[in-house]
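Scroll down for the structure; my scribbles are underneath it.
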Amino acid sequence: TKIPLTRGTSRLLDENAAYKLFDGIAIPRAPTTVLASNISQAPILPFPYPVAVKALSAKIAHKSDVGGVMLNIADGDSLLSAIRQINKSVPEYQPDRRVDRVLVQPMIAGIGEVLVGYRIDADVGPLIMLAAGGVHAEIYRDRSLRLAPVDLAEARRMIAELRSIKMLQGHRGRAEGDLEAVAKTIVALSELARRPEILEAEINPLIVQADGVVAVDALVKVSETA
8 TKIPLTRGTS RLLDENAAYK LFDGIAIPRA PTTVLASNIS QAPILPFPYP VAVKALSAKI
68 AHKSDVGGVM LNIADGDSLL SAIRQINKSV PEYQPDRRVD RVLVQPMIAG IGEVLVGYRI
128 DADVGPLIML AAGGVHAEIY RDRSLRLAPV DLAEARRMIA ELRSIKMLQG HRGRAEGDLE
188 AVAKTIVALS ELARRPEILE AEINPLIVQA DGVVAVDALV KVSETA
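As structure tokens, this is what we get:
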């Protein structure tokens, strides 16, 4: 599920730099640590296992498409093995890509997940989108779009338009997700419309919990001159 692509020259931020942008607009996100991809001893992490490990590169937009993501890593030895696998896999998909660093973050559980995306469309201007998250984003094409920025009331209306949101409303006895936190995230990301150097920002997935939300992936594209 994509907002129409922005035209013009641009560059990606790596995921860690994208999280720093989110920190500045008060979007909750998973803690992270960055490691060199050639480490030979298991590091002491600032959070417990299990963890996710990802290739960290501004040259790779969709890390899972090139073997750059390993999930549910249980311990230090498994972490070293996962990093070696990423070092091997990424160049097999993209021979011109070399992984110098990896990003590690704890696995985050939740009730469900959504996608929140922002883009400057070349024809209509800044857009904010809410969609089904994770693998469901491409399968269901379930989304709501608005011109950005939006206020909290408009963000709530966007949530109400999403068919798949029933899964986060306590449907059939499931726990309820914090949809107000989702609305606040929509508003925060839509405020990027006031920063024209930010061409695109996407959180997929945003993990929705009973009390709050957590971004566990971040893609940000900025103007080449930014």
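Just so we're aligned, residue 8 is where the sequence shown starts under the working numbering, counting upward by one.
Cβ atoms here follow ideal geometry from the backbone N, Cα and C, with glycine treated the same way.
Just so we're clear, the structure is a prediction, and the values are computed from it rather than from any experiment.
| Query | Result |
| --- | --- |
| Note down the Cα distance separating Leu12 from Val229, rounded to an integer number of angstroms. | Legend: pLDDT at Leu12 = 44, less than 50; position of this residue unreliable, no value from coordinates given. |
| Measuring alpha carbon to alpha carbon, tell me which residue in Leu226, Ile193, Ile205 is nearest Ser64. | Leu226 |
| Which residues does DSSP pair with Pro133 in a beta bridge? | Ile127 |
| How big is the Cα-Cα spacing for Leu206 and Lys173? | 31 Å |
| Buried or exposed, going by whether 16 or more other CB atoms sit within 10 Å of the CB of Leu196? | buried |
| Ignore the nearest five residues each way along the sequence and tell me which others in Arg79's own chain have a CB closer than 7 Å to its CB. | What sits at residue 79 in the sequence shown is Asn, not Arg. Contacts found: Pro57, Met114. |
| Let me know if Gln112 comes out buried or exposed under the rule of 16 or more other beta-carbons within 10 Å of its beta-carbon. | buried |
| Closest by CA to Arg108, which one among Ala81, Lys70, Met136, Asp82? | Lys70 |
| Where Leu86 and Val41 are concerned, what is the direct C-alpha to C-alpha distance, given to the nearest angstrom? | 13 Å |
| Give the DSSP-derived three-state secondary structure of Ser171 in the structure shown. | helix |
| In angstroms with no decimal places, state the Cα-to-Cα distance between Leu122 and Asn211. | 5 Å |
| Kindly list the residues whose CB is nearer than 8 Å to the CB of Gly219, restricted to its own chain and excluding five residues on each side of it in sequence; keep chain order. | Pro35, Asp185, Ala188 |
| Which term fits Tyr125, buried or exposed, when burial requires 16 or more other beta carbons within 10 angstroms of its beta carbon? | buried |
| Report back the beta-carbon spacing between Ala160 and Asp149 to the nearest angstrom; my notes put them in contact at under 8 Å. | Actually they do not touch by this definition, with Cβ atoms about 21 Å apart. |
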